[in-house]
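Input: a single structure, listed below in structure tokens.
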Amino acid sequence: MTAPPAVPLPLFALRPQWHVHFHDDDSCVAFHPHSGDILALTPGAGVVLRILRDGPASIAELAERLHTLDTTLRTDDCLTHCQHIVDELLASTRLIERPDSHEAR
Amino acid sequence: MKLAELSPAALAGRLHDGLILHTPPFSFRLRSPLAHLHQALRLAYADYSIAADGAYDFDLHIAPVSGPRRWLRPLIRIEVDGARPFEVLPSAHAFPLLEWAMNWCVTSTAHHYTLCHSAVLAHRDRAVLLPAPPGSGKSTLCAALALSGWRLLSDELALIAPTSLAIHPCVRPVSLKNASIAIIRERFPAARLTPEVFDTIKGTVAHLAPPALALDHAHVPARPTWVILPQYRQGATTTLQPLVRAEATAELARNCFNLVGIGTLAFDTLAGLCDTAQCYRLEYASLDEAIALFGQLATA
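Protein chains in written order, with full-length UniProt numbering: chain A, 1 to 105; chain B, 1 to 300.
Set out below in structure tokens:
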């Protein structure tokens with residue numbers, strides 16, 4: 001299995017304006033206002049979701065849209081990789097709502 | 001004055017000079033010499049208020065394209081406030097073109113709302129949003145519910161007020177496509193539909209006139225109570241599965257016309273709406289079962 005690519009540290013520095021909303025069922029949704037991209041994150045599955053505006057969503061496309069362009073990703077790797085991406089996203093974004101139950105994130 | 005109160009000749013005269021059609025919260029000034037368009041308007045908008053003059057939001061003019069080819073294949077063009085945002089189409093497509101243009105007017109300008117491609121119906125003041133892509137059975141389900149006691153707010157457009165999250169009606173005819181036309185005709189024989197228009201970009205199209213309940217409450221908003229993602233699948237067992245709120249928000253965002261245009265305001269609106277609503281994914285094959293299920297939701 002190909003190892004997941006390292007997540008470049010400045011990944012989200014390139015797109016620092018993710019806007020995140022936490023729902024009361026522990027899911028959250030992130031919006032990038034300039035591109036229109038939307039990420040819906042569910043507590044069990046960890047990842048995934050929708051990318052708007054440019055056709056069907058896929059993990060590979062998600063990774064690509066998040067500027068990890070020079071990688072060859074397989075599905076299993078992608079899930080792990082995208083979890084990293086999501087963690088980075090949540091760590092670096094400006095939160096518009098963050099209930100106490102989510103402080104551990 | 002209602003449109004149905006005009007004789008065919010009087011309607012033709014008004015549409016020559018300019019007829020203002022009130023479809024709250026918007027008004028359209030319509031002009032066209034096309035008799036088959038007049039006929040469709042009489043069916044679909046019979047109970048709508050009209051005026052000869054006064055304020056309006058959009059000016060629409062549908063007219064034949066001149067030139068020698070008009071004898072072989074009559075074409076029409078629509079002008080919206082003097083601009084020509086649409087391709088010419090066969091003359092027979094006049095009414096669907098008018099409907100598409102009216103939708104376009106709203107989605108391209110009404111940014112004081114968060115606008116979603118979604119059917120909206122209500123039980124009393126509680127609204128259900130049915131966001132879905134074409135082919136999902138949204139319009140068929142919407143028409144069936146509207147003809148079964150639910151109040152139609154819109155078949156196509158959810159107008160969501162950003163602060164209050166109230167859903168404002170935009171009551172217009174329901175666009176039925178292909179097999180759904182016969183399904184609705186057979187199940188609701190008293191339903192008033194426009195003549196079928198064939199070979200449009202969406203296939204065969206007919207429009208269902210809104211029931212009286214919808215028009216009687218055309219100014220009454222409803223509060224978002226359910227978000228349901230419908231999917232028709234032949235042979236499926238009718239199931240209603242809870243949906244995590246983030247997925248519901250993302251689906252509304254996918255169907256939002258002005259997400260990028262008004263940005264975080266639209267995002268906050270949709271996320272806030274999904275915080276307050278119950279969110280589900282519906283798969284169905286039987287309209288009867290789906291209608292019964294909606295009845296259970298309304299009375300639960």
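We treat Cβ as the ideally placed atom computed from N, Cα and C, and that holds for glycine.
| Check | Outcome |
| --- | --- |
| Say whether chain A places a C-beta atom closer than 8 Å to the C-beta of leucine 249 of chain B. | The sequence given here has threonine at residue 249 of chain B, not leucine. Interface residue, yes. |
| Which residues in chain A sit within 8 Å of threonine 264 of chain B, going by Cβ to Cβ distance? | His19, Phe31, Pro33 and Ile96 |
| Assuming cysteine 116 of chain B and leucine 252 of chain B form a contact by the criterion Cβ under 8 Å, report the distance between their Cβ atoms to the nearest whole angstrom. | 5 Å |
| Is the distance from the Cβ of leucine 159 of chain B to the Cβ of tyrosine 113 of chain B below 8 Å? | yes |
| Got a sec: is the Cβ-Cβ distance from valine 65 of chain B to anything in chain A below 8 Å? | no |
| Do threonine 140 of chain B and leucine 43 of chain B have their C-beta atoms within less than 8 Å of each other? | no |
| Roughly how many whole angstroms lie between the Cα atoms of isoleucine 76 of chain B and proline 85 of chain B? | 13 Å |
| List the whole-angstrom C-beta distance separating glutamate 101 of chain B from valine 80 of chain B, where the pair is believed to meet the contact cut-off of C-beta under 8 Å. | Looking at the sequence provided, one finds alanine at residue 101 of chain B rather than glutamate. That pair is a contact at about 6 Å. |
| Can you tell which of B/Leu293, B/Ala300 and B/Phe26 has its C-alpha closest to the C-alpha of glycine 54 of chain B? | B/Phe26 |
| Go ahead and label serine 118 of chain B buried or exposed: buried means 16 or more other beta carbons lie within 10 angstroms of its beta carbon, across all protein chains shown. | buried |
| List the whole-angstrom C-beta distance separating alanine 146 of chain B from alanine 214 of chain B, where the pair is believed to meet the contact cut-off of C-beta under 8 Å. | 7 Å |
| Using a Cβ-Cβ cut-off of 8 Å, state whether threonine 233 of chain B counts as contacting chain A. | Residue identity differs from the one stated: residue 233 of chain B is arginine in this sequence, not threonine. Cβ-Cβ to chain A under 8 Å: no for arginine 233 of chain B. |
| With 16 other CB atoms within 10 Å as the buried threshold, where does tryptophan 150 of chain B fall? | buried |
| Is the Cβ-Cβ distance between histidine 38 of chain B and leucine 21 of chain B less than 8 Å? | no |
| Based on Cα-Cα distance, which residue from B/Thr225, B/Tyr45 and B/Glu156 lies nearest to proline 133 of chain B? | B/Glu156 |
| Is there at least one Cβ from chain A nearer than 8 Å to arginine 29 of chain B's Cβ? | no |
| Of all the options B/Pro8, B/Leu6, B/Met1 and B/Thr23, which has the alpha carbon lying nearest to the alpha carbon of proline 210 of chain B? | B/Thr23 |
| In the stretch 125–212 of chain B, which residue ranges form an unbroken alpha helix (DSSP H) of at least 4 residues, counting only runs that do not cross its ends? | 138–146 and 179–187 |
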